[in-house]
Amino acid sequence: MIVLEKVTKKFIDNTAIKNINLTFDKKETTVIIGPSGSGKSTLIRCINNLENPTSGSVVINGKKLTRRNRGKLCFKIGMVFQQFNLFPHMSVLENLTYSPLNVLHTSKIETQGKARKLLDTFGILEKADSSPSKLSGGQKQRVAICRALMMDPETMLFDEPTSALDPEIVKDIIEIINNLKNQMQMIVITHHIKFAKIIADRIIFMDKGLVLADQPANEFFAKPASHRAKLFLANVGDLM
Amino acid sequence: MYNDLVAFLPHLYFILKGVTVTLKYSVISVCFGLIIGTILAFLKVIDLKILRLAAHAYTSIFRGTPLLIQLTIIYFGLPGLIGLKLSVFSAGVIAFSLNSGAYVSEIIRAGIESVDKGQVEAAKALGISPILRMKDIILPQAFRSILPALVNELINLVKESCLISVIGEMDLMRRAQVVSAETYTFFTPMLTAAAAYYLMVLIISSFALLLEKRLAI
Chain L
4 MIVLEKVTKK FIDNTAIKNI NLTFDKKETT VIIGPSGSGK STLIRCINNL
54 ENPTSGSVVI NGKKLTRRNR GKLCFKIGMV FQQFNLFPHM SVLENLTYSP
104 LNVLHTSKIE TQGKARKLLD TFGILEKADS SPSKLSGGQK QRVAICRALM
154 MDPETMLFDE PTSALDPEIV KDIIEIINNL KNQMQMIVIT HHIKFAKIIA
204 DRIIFMDKGL VLADQPANEF FAKPASHRAK LFLANVGDLM
Chain B
45 MYNDLVAFLP HLYFILKGVT VTLKYSVISV CFGLIIGTIL AFLKVIDLKI
95 LRLAAHAYTS IFRGTPLLIQ LTIIYFGLPG LIGLKLSVFS AGVIAFSLNS
145 GAYVSEIIRA GIESVDKGQV EAAKALGISP ILRMKDIILP QAFRSILPAL
195 VNELINLVKE SCLISVIGEM DLMRRAQVVS AETYTFFTPM LTAAAAYYLM
245 VLIISSFALL LEKRLAI
């Protein structure tokens with residue numbers, strides 16, 4: 004269970020998020036939408052302490068998250084980035100096995116077996132020994148998702164997982180993420196409203212660092228709780 | 045012409061014996077410089093302000109003053125100051141290492157900072173500890189951009205080690221000077237020394253090129 008209590012994050016020249024109170028307690032899929040610069044990324048990055056809140060606290064399973072204990076509290080929170088961030092000096096298989104072997108200290112044979120099985124389900128087993136630089140964007144993002152899944156996360160954070168991909172490949176990644184639904188808690192940032200409609204149980208709409216709407220997905224798309232969200236949907240609705 | 049050449053042969057041999065002296069100073073100093081530089085670079089990237097400032101001050105001073113003065117202070121100045129009399133060899137190695145450490149620390153720091161921030165974030169998100177992050181994720185990637193600059197540093201040291209002749213070591217430079225004084229000609233001895241330095245540099249850089257190719261992905 005993840006609870007954000009009055010979380011504010013200030014950067015040198017602006018306040019990215021202001022006084023955010025949110026609870027993520029169910030195994031549901033939450034999609035965060037909103038215009039660029041609304042603080043979506045900062046919010047999600049506070050959840051696993053990639054950003055340290057300026058004030059307020061993030062509480063994970065009853066314990067307050069700090070820079071010191073982030074390793075202990077966050078290893079069950081997986082994250083997938085827009086730019087994939089695969090380790091370029093390791094093979095695909097090593098990318099997957101590095102953290103289980105070195106953080107969880109699992110056995111080598113078992114971990115490699117698990118990694119190969121995961122790559123197989125994602126249709127990229129033949130790339131196991133390739134370098135990440137030899138993969139296409141869609142393949143890289145699959146590897147990145149596999150890498151996060153290797154840690155058996157209870158929560159997965161997706162920070163615009165499809166924004167750096169070709170439109171044709173976006174669909175594949177969306178399907179993959181949709182298949183993970185109900186297996187774990189997911190928090191997803193996206194600009195694709197269609198994508199949000201497919202996977203979301205709950206929608207959080209943000210603008211200018213504030214949460215303007217936090218409702219069940221079907222309710223949000225039928226009748227958004229905020230006027231700004233209605234405008235946003237009207238503006239982007241036809242495009243994506 | 046032919047007779048001149050034959051007459052110069054013993055001198056040539058005498059000068060070229062300085063190659064080992066020059067190499068001894070540069071290789072040993074670059075090793076110590078690497079150790080000092082690595083430690084300083086880590087101090088510069090960790091989250092402790094006092095250590096960071098100290099490391100920056102060190103770099104600033106050693107980069108901002110002439111190497112010849114540093115060498116002179118260590119060899120001639122320290123005995124008067126604290127009664128520490130060093131041999132030519134130790135004074136030379138200490139001066140070169142301390143100086144090189146300052147440059148190497150900047151090279152390594154820049155290399156570490158050149159690694160994409162996303163790499164650190166991905167590693168953090170996977171729960172990889174700071175030490176493992178540095179050792180297995182950042183340094184291997186930084187090394188590729190560090191290597192060419194490190195080779196430059198070694199080349200610099202090979203050439204700048206000629207300053208050791210000022211405090212009396214019989215290196216390439218000093219030997220060429222001695223022959224010049226004996227034969228009253230400067231051109232041939234100095235050209236011989238220059239050619240020897242140049243060859244050493246060529247060999248080092250071609251090794252570096254090979255290594256770079258093998259490290260490329």
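For the record, the sequence lines run as chains L and B.
Using our numbering, the first residue of the first sequence is number 4, and each one after it goes up by one.
Using our numbering, the first residue of the second sequence is number 45, and each one after it goes up by one.
No residue lacks a Cβ here, since even glycine has one placed at the ideal position from N, Cα and C.
Please read all numbers here as calculations on a predicted model, not as lab measurements.
Ranked by how close their Cα comes to the Cα of Glu-204(B), the residues Gln-114(B), Lys-179(B), Gly-162(B) and Gly-124(B) have Gln-114(B) in first place. Collapsing the DSSP output to three states places Ser-58(L) in a strand. For Ile-181(B), at least one C-beta of chain L is nearer than 8 Å to its own C-beta. For Lys-43(L), the CB contacts under 6 Å within the same chain, skipping 5 residues up- and downstream, are Ile-35, Gly-37, Ile-192 and Met-209 in chain order.
Closer than 8 Å to the CB of Gly-74(L) there is at least one CB belonging to chain B. Neighbours of Gln-86(L) in chain B, taken as residues at a C-beta separation under 9 Å, are given in chain order as Asp-160 and Gly-162. Contact annotation for Ile-83(B) against chain L: no contact, minimum CB-CB distance about 24 Å [criterion: below 9 Å]. Cβ contact annotation for Glu-256(B) (same chain, cutoff 7 Å, sequence separation greater than five): Leu-191 and Pro-192, in chain order.
Ala-252(B) is the residue among Ala-252(B), Ile-175(B) and Lys-88(B) whose C-alpha sits nearest the C-alpha of Ser-189(B). Taking the CA atoms as reference points, Ile-176(L) sits about 7 Å from Gly-141(L). Of the residues Val-83(L), Phe-223(L) and Asn-51(L), the one whose Cα lies closest to the Cα of Ala-167(L) is Val-83(L). Assigned with DSSP and collapsed to three states, Phe-78(L) falls in coil, not helix or strand.
Judged by beta-carbon spacing, Thr-57(L) lies within the 8 Å limit of Lys-12(L), meaning their Cβ atoms are closer than that value. When the Cα atoms are used, Ile-47(L) and Val-202(B) turn out to be separated by approximately 52 Å. Taking the CA atoms as reference points, Lys-168(B) sits about 12 Å from Leu-76(L). Within chain B, the residues Leu-170 and Gly-171 have their CB atoms less than 8 Å from the CB of Phe-78(L), given in chain order. Counting other Cβ atoms within 10 Å of its Cβ, Gln-188(L) reaches 16 or more and is therefore classed as buried. Closer than 8 Å to the CB of Leu-53(L) there is at least one CB belonging to chain B.
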